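Each residue of the sequence shown is one higher than the one before, counting from 8 in our numbering. Glycine included, every Cβ here is placed at the ideal spot set by N, Cα and C. Predicted model, so just to flag it, every value in this text is computed and none were measured.
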Amino acid sequence: MTGAEETATASGLASLQAKLLVPRGNLLLHRGEPEKGIRCLDEAVEAITPLGMPAYEGRILYEYGQILRRLGQRRRADDIFSRASETFAAMGARHFVTLCDRERRAGGLGPRRTRPGDLTPQEEQIAGVVATGATNREVARELFLSTKTVEYH
């Protein structure tokens with residue numbers, strides 16, 4: 008347990024404990040322990056949801072959705088982004104609703120494209136950087152994506 012986690016536990020503030028589970032989950036994922044990382048993120052959502060703190064809940068859900076999408080768990084990510092979007096919409100946080108919608112479309116789920124030939128937001132970003140003459144590796148580095156993702160698009 009880190010010093011921050013000890014302080015959070017000693018404080019008894021469930022919101023602080025929930026917020027610290029997100030970086031803990033990220034750390035575990037980066038260390039190659041996806042099951043433990045996902046478990047931390049699930050715990051963060053479970054801990055924050057009943058507290059009536061929609062801003063924190065929405066942010067935790069949003070970050071969790073991003074992680075799931077990057078892990079290839081698209082349907083689960085879509086469900087999480089949907090919950091985050093509903094939370095943000097109830098608060099009137101339209102900007103964050105838009106961010107959730109972009110993430111859902113980037114994962115190929117959520118709100119659908121209007122025409123079959125339309126690009127997803129992520130495809131548009133990649134195309135824009137490619138148009139400058141960047142290589143796949145350069146595009147990946149600039150957009151914080153894997154080279155394989157860039158190659159796929």
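>> Cutting at 6 Å between CB atoms, please list the residues of its own chain near LEU68, excluding the five before and the five after it.
In response: Numbered from 1 along the sequence shown, position 61 holds the residue referred to as residue 68. These residues qualify, in order along the chain: ILE87, ARG90, ALA91.
> According to the neighbour-count rule (16 or more other Cβ atoms, all chains shown, within 10 Å of its Cβ), is PHE103 buried or exposed?
Replying inline: Walking along the sequence shown from the start, residue 103 turns up at place 96. Looking at its Cβ environment, which holds 16 or more other Cβ atoms inside 10 Å, PHE103 is buried.
>> Buried or exposed for ASP49, going by 16 or more other Cβ atoms inside 10 Å?
In response: Residue numbering aside, residue 49 sits at position 42 when the sequence shown is read from its first letter. Taking all protein chains in view, the Cβ of ASP49 is surrounded by fewer than 16 other Cβ atoms within 10 Å, so the residue is classified as exposed.
> Quick one: Cα of LYS26 to Cα of ASN143, how far?
Replying inline: Reading the sequence shown from its first residue, position 19 is the one you call residue 26. Reading the sequence shown from its first residue, position 136 is the one you call residue 143. Between the alpha carbons of LYS26 and ASN143 lies a distance of about 35 Å.
> With respect to the alpha helix (DSSP H) encompassing SER92, which residues constitute its N-terminal and C-terminal limits?
Replying inline: Translated into the one-based positions of the sequence shown, residue 92 becomes position 85. Residues 81-98.
> alpha helix (DSSP H) containing PRO41: first to last residue?
Replying inline: For the purposes of this step, residue 41 is identified with residue 34 of the sequence shown, where counting begins at 1. For PRO41, the uninterrupted alpha helix (DSSP H) run begins and ends at 41-55, by DSSP.
>> By the DSSP assignment, the alpha helix (DSSP H) with ARG77 in it spans what residues?
In response: For the purposes of this step, residue 77 is taken as the residue at position 70 of the sequence shown. Element bounds for ARG77: 61-77.
> Given 8 Å as the limit, is there contact between the region 35-43 and the region 53-62, that is, 3 or more CB pairs closer than that?
Replying inline: A contact between stretches requires three or more CB pairs, one per stretch, nearer than 8 Å, and the region 35-43 fails this requirement with the region 53-62.
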